[in-house]
Amino acid sequence: MLKCPRCGAENSDREMYCAKCQNRLPSITALRSTLRSGLEALDKKDFRKAQDRFMDVVRQNPADLDAWFLLAAVKMRTGRGSEAWDDLTELKLARNTGQCSKCRGIKKCKECGGTGICIMCRGTKRCSYCGGVGDCPTCKNQNPKACTHCKGTGQCIRCKGSKECTYCNGFGQCISCRGTGICTFCGGTGTGHELDLSKISKEYHELKAWF
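Residue numbers for the sequence shown follow the numbering used here, so the first one is 9 and each next one is one higher.
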């Protein structure tokens with residue numbers, strides 16, 4: 009179904025012009041191509057590009073619930089959970105269930121406690137195992153050939169000599185909330201939600217784990 013972005017009238021996929029206002033409607037083929045482009049970006053974890061592609065689809069066809077759901081998934085992944093739940097609730101793809109079961113209404117990220125920093129390196133971005141020096145903590149890279157810990161490499165077995173925290177990949181941010189400090193499940197609202205995926209294509213249901 010195509011929903012005219014100008015007047016909101018519903019039209020069949022075969023229509024080229026809106027039956028109500030005569031506005032030219034987007035091509036279903038073009039919309040599907042844009043959606044595929046967004047999915048490819050999503051696979052590469054290029055969330056900005058994925059968001060732009062899914063946004064293009066919903067702007068041209070507000071009735072595309074798959075695109076709305078994918079856009080919400082990207083928002084959840086990038087710390088904009090509140091926006092995502094607002095969109096899904098308005099579209100009746102989610103409902104309010106009361107207090108968030110993950111943060112228990114305190115609105116803070118469960119992993120970092122609301123600090124937004126990596127729990128492993130404490131925001132220093134350095135490998136906590138070797139202290140950020142990159143050397144094996146056991147042999148200190150002094151006599152690596154005899155070291156059974158690093159097996160002769162002389163390097164830290166966790167960061168492989170990069171000196172960076174492998175938990176946050178050297179960003180220093182909490183990997184769960186991406187530095188926002190807010191609960192990733194409720195988007196910092198403190199309110200719980202339940203998804204209704206009955207109107208979403210089954211191939212996208214696996215993304216439920218992002219919410």
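Idealized CB from N, CA, C, for every residue including glycine. This one's a predicted model, so the numbers in the text were calculated from it and none came from an experiment.
Less than 6 Å between C-beta atoms, sequence neighbours within five positions excluded: which residues of the same chain meet that for residue 162? By 1-based counting over the sequence shown, the position of residue 162 is 154. Hits under 6 Å: 144, 149 and 152.
Residue environment, residue 29, which counts as buried when at least 16 other CB atoms sit within 10 Å: Translated into the one-based positions of the sequence shown, residue 29 becomes position 21. With a 10 Å radius around the Cβ and a threshold of 16 neighbouring Cβ atoms, residue 29 comes out exposed.
Comparing alpha-carbon positions, which option in 156, 154 and 141 lies nearest residue 168? Sequence index remark: in the sequence shown, residue 168 carries index 160 (1-based). Comparing Cα-Cα distances from residue 168 to each of 156, 154 and 141, the minimum goes to 141.
With DSSP collapsed to three states, give me the class of residue 183. Translated into the one-based positions of the sequence shown, residue 183 becomes position 175. For residue 183, the secondary structure class from DSSP, reduced to helix, strand or coil, is coil.
Give the C-beta separation of residue 24 and residue 18 to the nearest angstrom, bearing in mind that I take them to be a contact with Cβ-Cβ under 8 Å. Along the sequence shown, one-based indexing puts residue 24 at 16. Along the sequence shown, one-based indexing puts residue 18 at 10. Not quite, the Cβ-Cβ distance comes to about 15 Å (not below 8 Å), so this is no contact.
Take residue 66 and list the residues in its own chain whose beta-carbon comes closer than 7 Å to its own, dropping the five residues that flank it on each side. On the sequence shown, position 58 is the one that residue 66 refers to. The answer, listed in chain order, is 72, 75, 76 and 79.
Run through DSSP, which three-state label would residue 39 get? Taking the sequence shown and counting its residues from 1, one reaches residue 39 at position 31. The answer is helix: DSSP assigns residue 39 an H, G or I state.
Alpha carbon to alpha carbon, how far is residue 191 from residue 109? Give it in angstroms, no decimals. As a position in the sequence shown, residue 109 is number 101, starting the count at 1. As a position in the sequence shown, residue 191 is number 183, starting the count at 1. Between residue 109 and residue 191, the C-alpha separation is close to 11 Å.
Relative to the C-alpha of residue 11, which residue among 146, 117, 97 and 70 is closest? In the sequence shown, residue 11 corresponds to position 3, counting from 1. Per the Cα distances, 70.
Indicate whether the contact test is met: 3 or more Cβ pairs, each with one atom in the segment 107-126 and one in the segment 207-218, closer than 8 Å. Result no; under three Cβ-Cβ pairs closer than 8 Å.
Thinking just about the alpha-carbon of each residue, which of 158, 46 and 126 is nearest to the one in residue 185? On the sequence shown, position 177 is the one that residue 185 refers to. Taking only the C-alpha atoms, the option nearest residue 185 is 126.
Assigned exposure category for residue 156 - 16 Cβ within 10 Å defines buried: Reading the sequence shown from its first residue, position 148 is the one you call residue 156. In the assembly as shown, residue 156 is an exposed residue. Its beta-carbon has fewer than 16 other beta-carbons within 10 Å.
Please give me, in chain order, every unbroken run of the beta strand (DSSP E) with length at least 3 that falls completely inside the segment 63-107. Runs of the beta strand (DSSP E) lying entirely within the segment 63-107, each at least 3 residues long, are 102-107 in chain order.
With residue 202 as the anchor, note down where its beta strand (DSSP E) starts and where it stops. Here residue 202 refers to the residue found at position 194 of the sequence shown. Residue 202 -> beta strand (DSSP E) spans 199-203.
Leaving out the 5 sequence neighbours to the left and right, which residues in its chain are closer than 7 Å to residue 105 when beta-carbon positions are compared? Locating residue 105 in the sequence shown gives position 97, counting from the first residue. Short of 7 Å from the beta carbon of residue 105, and not among the five residues preceding or following it, lie these beta carbons of its own chain, in chain order: 200, 201 and 202.
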